[in-house]
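Inspection log for the structure reproduced underneath, given as C-alpha cells.
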Amino acid sequence: MSLRIKKGIPLIDQYDKNCMWGGKFGGNFVPETLKKPIDDLTKLFEKLRKDKSFLKERDDYFKNYVGSPTPLIRLDNLTDYLGGAQIWAKVVSENPGTAHKVYNVLVHCLMARRAGKKYVCTDTGAGMNGKNLAMVGKMLGLKVKIFMGLVDIKRQKKNVDVMKKYGAEVVPVTTGSQTLVDAVSECMRYFVANCDTTHLVVGSAVGPAIWIRICAWSAAQISRELIVQIKEEFGKIPKKLKLLNCIGGGSSALGFWNEFIDYDKKQVELIGVEAGGSKKSKKHAAPLTNGSKIGILHGSAQYVIQDADGQIGETESISAGLDYPGISAIHCFLKDTKRARYTSATDEEALNAYKLVSKFENISPSLEPSHAFAEAIRIAPKLSKDTVLIINSCGHSLKDSIIIKSKLGYYTE
Amino acid sequence: MKSEIQLAFENCKKEKRPALITYTVASDPNKKKSLEILKSLAKYADILELGFPHSTPIGDGGQIQTSSHRAIKNGFKMKDAFQIVKSFKKTEKNKPVILMGYYNMIFQYGENKFLIDCKKSGVSGIICVDLPWPENKIFAKKCKKKSIVFVQLLAPTTTKERMKKIIRDSDSMNYLISILGTTGSKLKVSPKKILENYNKIKRINPKKNLVIGFGITDSTISSFKSASGLVVGSLLCKTITNSLKMRINPATKLLKTVYNLKKKII
Ligand SMILES: Cc1ncc(COP(=O)(O)O)c(C=O)c1O
C-alpha cells in the first residue's frame, strides 16, 4: 500500500494509534518510566492548542519577543549572478536568538510554566537551541540545563558563552562521538531520572512522537508568516515555487513548509537538503539522501544511519546543527509519500554557498542554511526566470565565525 | 512445562530468599571473557541477564554505557550473543539466561529470526528496554508461543490502572524499576518506600515473580530480601572496568563480588 497524505489535516495529526506516521515512522520506543510523562505532556498539548488564552500568550511572545514577521527579501545580486530562477530568503534568523529554534523553545517554556515545572532541560548541537532556551528560560523564570557534546562545545563556543551569560548550566557530554546524537541521549537519560520536576525540550522534531508534534506545531509560525508575505509580494502563490530548507532533525523545514503541504508538488516543490559531509570522507549525515534503513533512535522509528546490527552510525558534518544520524519521522513520511524531495550538500558546497551569499547579499547565513543555499546555487541557473526559490535562512553565521575563518581565511558578519 | 525461570524462582522460594539476578554485557570485555564471566557468576547467581550492547542506550547510566561501548569496540555482533549463550548452556544446562537490550537490535535482526535463535541457543527470557506495553503486545505474544518469558517492566511513574493491565498481559516474571533514573543511579528513595510500592504491586497478582532492579549494590541489597528477585548490573560492570584497569582477571574478581552479594541475601 502506498502512503498518502490526507488533505486538510495538519501533518502532526496524521498518525495512528501507535503514534506512527504511515504506520512505520515515529512511535514511542521509550523506557517504561517515560510513558506517564509522555501521556501527561500529550494531554497538556491537546488542551493548550485549543486554549485561546494560551494561543494569545504564544502569539504575543512571537510578536513582541521574536518579532513577527521575520523578513522575506529578494536576493537581487545572487539572482543576477546565477542568471536563472529568482532567489529569495526568509531571514528567520532575524530574532534575538538568531535561529528558528526560538519557536519550539518558547512554546515549551510556556507549557512548562502551565504545568508548574520550574526546570527545563534540552540538547543542543550548534548551540542555537541551547542559546534560545537559555534566553527564553531566563525571561520566563525557568532554570535551564543544557546537554552538549564536547566537540560541539569547542566548535560552537560563541553560543556556549551566550548560554552561560544567561545563567544556564551547560553539561558537557563526553560519550560516543561527543556531538548532537550523544547530547540528545544524555538529555533523555537526565529526563528519565528527573521527569517529576523537569520539562524536557527536544531541540528538533525528533524523539518520541509528542516532541515531534510540539516542535513542528511551534515552528509552523514561519510558514504562517511566509504564505502571507508571498501573497503580498506576488499577489498569489507563484506557479513555480520551490521552498528550500536544510535538514538536521528537520524542525525548521517542517515549520517552513507547513502551510504548503496541500499544494500540488508541481506548483510548490519542497526541497530538503541534508549534510553530505566532507567530499573526501565516507561519513555523512544524510539518511534520506543516501537511503538509510528504518531503525529506532531516541524513541522514534525513522530512517537512520546504522549498521546491519542496528548500531547507530557515526556522522560527520562541518555544520554541528545538521550532524545527526536520524531525521524526523514526519520527513520520512514526506519522503515516502514523495511530497518532498531530499538531497544533500557537501561541507565544501556549503562553505562555497556561504562565501557567495555573504559576498553578494546583506545576509550571513550559518553553515546549516548554507547547505540549502548550496542546492539553490546548483539548481537556479537551470531554472526559468518565473521560478521562485525561497530559502529558509534559519540561522546567523556568527556562531560559525571560527570555523569559517579557518576554512576561508576571513569571516564577514 | 514450567520454564527454567519459573523453576529458579521456586527453588529460591523454598530456600526463603530472593533470586539473585546478574546483568553483564555480551562481549564485555570480549567474547571469550564474557563467557568466562557468565560461568563465574553462575556459581552464585540464580538467573543471568546478558545484555546485547547498543550504541545509543537511553536507559543506561555510565557503568553499563562503558561496558556496552567496550563490547562494541571489541567487535560485538548480535550473533555473538547467541553463541555465548549456547556455549554457556552446554555446561550450565539449568541456569536460565535472559537476553536484554534495545528494540532496534531485535528489529534489525528480525523479530522472528531473533526468537528462533533465542530458542536454538537456550535463551529463557527477554527484556526489551524501549518496547513498552502496549507497543510490545505483538512481540510478547510471539515470545509466549515460543515459551520464552517476555519480562514486562514497571516504573515508579506507572499508574495503578496501567500496572493492572500490564500485569494481566504479563508472563511469569516482571521487573520493577526501583527509582526514577537510569541504571546505576543512586537509590534516591529509601528501601522501605520502595518495598511499600513493591508490596502494593505484588498484591495485584501475588503469583507473578516480581523482581527489583536499579540501584541494587552490595550496600543496598540486604534491605530487599523480601522481594522475589534482585537484579545487580552496574556494580558488576563497574567491577569489570576496574579489573581491567588493575590488569586482573574480571571473571575472578566477579566471582568474589557475586559470592558477597549472595551472602547478604541468605
Ligand atoms: C541554524 C540551524 N539550522 C538548522 C538546524 C538543524 O535543525 P533542524 O533540522 O531541526 O532545523 C540547526 C540545529 O541546531 C540550526 O542551529
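Protein chains in written order, with our numbering: chain A, 2 to 414; chain B, -16 to 249.
C-beta atoms are modelled at their ideal positions from N, C-alpha and C, and glycine is treated no differently.
Task: Cutoff 8 Å; reference Lys26(B); Cβ partners in own chain excluding five residues on either side - done: Leu238, Val241, Tyr242
Task: Short-range partners of chain B found in the stretch 382 to 411 of chain A, where Cβ spacing is below 8 Å - done: none
Open item on the list: So that I know if they touch, is there some Cβ in chain B lying closer than 8 Å to that of Pro38(A)?
Closed with: yes
Task: Interface flag, Phe148(A) vs chain B, CB-CB below 8 Å - done: Not one chain B Cβ lies under 8 Å of Phe148(A).
TODO: Mind listing the chain B neighbours of Cys196(A)? Cutoff is C-beta to C-beta under 9 Å, in chain order.
DONE: Thr140, Leu163
- [ ] Report the neighbours of Leu323(A) on chain B: residues whose CB is nearer than 7 Å to its CB, in chain order.
- [x] In chain order: nothing, as chain B lies at least about 18 Å away.
Open item on the list: Would Glu376(A) and Ala341(A) qualify as a contact pair, given that the criterion is a beta-carbon distance under 8 Å?
Closed with: Contact annotation: Glu376(A) and Ala341(A) have beta-carbon atoms that are not nearer than 8 Å.
Task: Beta-carbon proximity list for Ala354(A), same chain, < 6 Å, skipping 5 on both sides - done: Ser371, Phe374, Ala375, Ile378
Open item on the list: On a Cα-Cα basis, can you pick out the residue from Gly296(A), Pro38(A), Asp124(A), Asp265(A) that is closest to Ala169(A)?
Closed with: Asp124(A)
Task: Supposed close pair Pro288(A), Ile319(A) - CB separation, criterion 8 Å - done: Pro288(A) to Ile319(A), Cβ: 18 Å. No contact.
Task: Residue of Asn246(A), Met129(A), Ser94(A), Ser186(A) minimising C-alpha distance to Ile297(A) - done: Ser186(A)
TODO: Determine the extent of the beta strand (DSSP E) in which Ala173(A) is found, giving its start and end residues.
DONE: With the sequence shown as reference, residue 173(A) is identified as Pro, and Ala is not the correct amino acid for it. Pro173(A): member of the beta strand (DSSP E) spanning 170 to 174, first to last residue.
Task: Entirely enclosed alpha helix (DSSP H) segments - the stretch 74 to 129 of chain B, minimum 4 residues - done: With a minimum length of 4 residues, the continuous alpha helix (DSSP H) runs that stay inside the stretch 74 to 129 of chain B are 86 to 92, 94 to 104, 120 to 128.
Task: beta-carbon Lys144(A) near ligand 1 non-hydrogen atom, thresh 7 Å - done: no
Task: Residue burial classification, Pro139(B) (beta-carbon count within 10 angstroms, cutoff 16) - done: buried
TODO: Report the rounded CA-to-CA distance for Gly44(B) versus Lys240(A), giving the unit in angstroms.
DONE: 54 Å
- [ ] Return helix, strand or coil for Arg342(A), following the three-state DSSP convention.
- [x] strand
- [ ] Check whether the Cβ of Met164(A) lies closer than 7 Å to any heavy atom of ligand 1, and answer yes or no.
- [x] no
- [ ] Could you give the DSSP three-state label for Ala351(A): helix, strand or coil?
- [x] Three-state DSSP puts Ala351(A) in a helix.
- [ ] Determine the closest residue to Ser252(A) out of Trp212(A), Val174(A), Ala194(A), with distance taken between C-alpha atoms.
- [x] Trp212(A)
Task: Given Val112(B) as reference, the closest of Lys125(B), Ile99(B), Leu24(B), Phe133(B) once Cα atoms are compared - done: Phe133(B)
Open item on the list: Residues of the stretch 306 to 321 of chain A in Cβ contact with chain B at a cutoff of 8 Å, in chain order, please.
Closed with: Gln307, Ala309, Asp310, Gly311, Gln312, Ile313
Task: Under the three-state DSSP convention, the category Cys122(A) falls into - done: DSSP places Cys122(A) within a strand segment (E or B) once states are collapsed to three.
Task: Residues from the stretch 60 to 77 of chain B in contact with chain A, defined by Cβ distance under 7 Å - done: Lys60, Met61
Task: C-alpha distance - Leu163(B) paired with Tyr191(A), whole-angstrom precision - done: 10 Å
Task: Neighbour list for Asn136(B) in chain A, Cβ cutoff strictly below 9 Å - done: In the sequence on display, residue 136(B) carries Leu and not Asn. Neighbours of Leu136(B) on chain A, chain order: Pro32, Glu33, Thr34.
TODO: State yes or no: is the beta carbon of Gly296(A) nearer than 8 Å to at least one beta carbon in chain C?
DONE: Of the chains in the structure shown, none is chain C; the protein chains are A and B.
TODO: For Pro326(A), verify whether its CB is less than 7 Å away from any heavy atom of ligand 1.
DONE: no
Open item on the list: Which same chain residues end up closer than 7 Å to Gly311(A) when comparing Cβ atoms and leaving out the 5 residues on each side of it in sequence?
Closed with: Gly296
Open item on the list: Given the structure, does Ala309(A) come close to ligand 1, in the sense that its CB is under 7 Å from one of the ligand's heavy atoms?
Closed with: No, Cβ of Ala309(A) sits at least 7 Å from all heavy atoms of ligand 1.
- [ ] Can you tell me which of Glu47(A), Leu107(A), Glu58(A) puts its alpha carbon nearest to the alpha carbon of Lys121(A)?
- [x] Lys is not the amino acid found at residue 121(A); the sequence shown has Val there. When only C-alpha atoms are compared, the closest one is Leu107(A).
Open item on the list: Taking the alpha-carbon of Lys406(A) as reference, which of Gly396(A), Ala381(A), Lys356(A), Asp387(A) has the nearest alpha-carbon?
Closed with: Lys356(A)
Task: Check: Met129(A) C-beta below 7 Å from any heavy atom of ligand 1 - done: yes
Task: Proximity of Ala54(B) and Ile30(B) at Cβ, strictly below 8 Å - done: no
TODO: Run the CB neighbour count on Arg145(B), radius 10 Å, all protein chains shown included, and call it buried at 16 or more, exposed below.
DONE: buried
Task: Unbroken alpha helix (DSSP H) run spanning Arg75(A), endpoints - done: That residue, Arg75(A), is in no alpha helix (DSSP H); its beta strand (DSSP E) goes 73 to 75.
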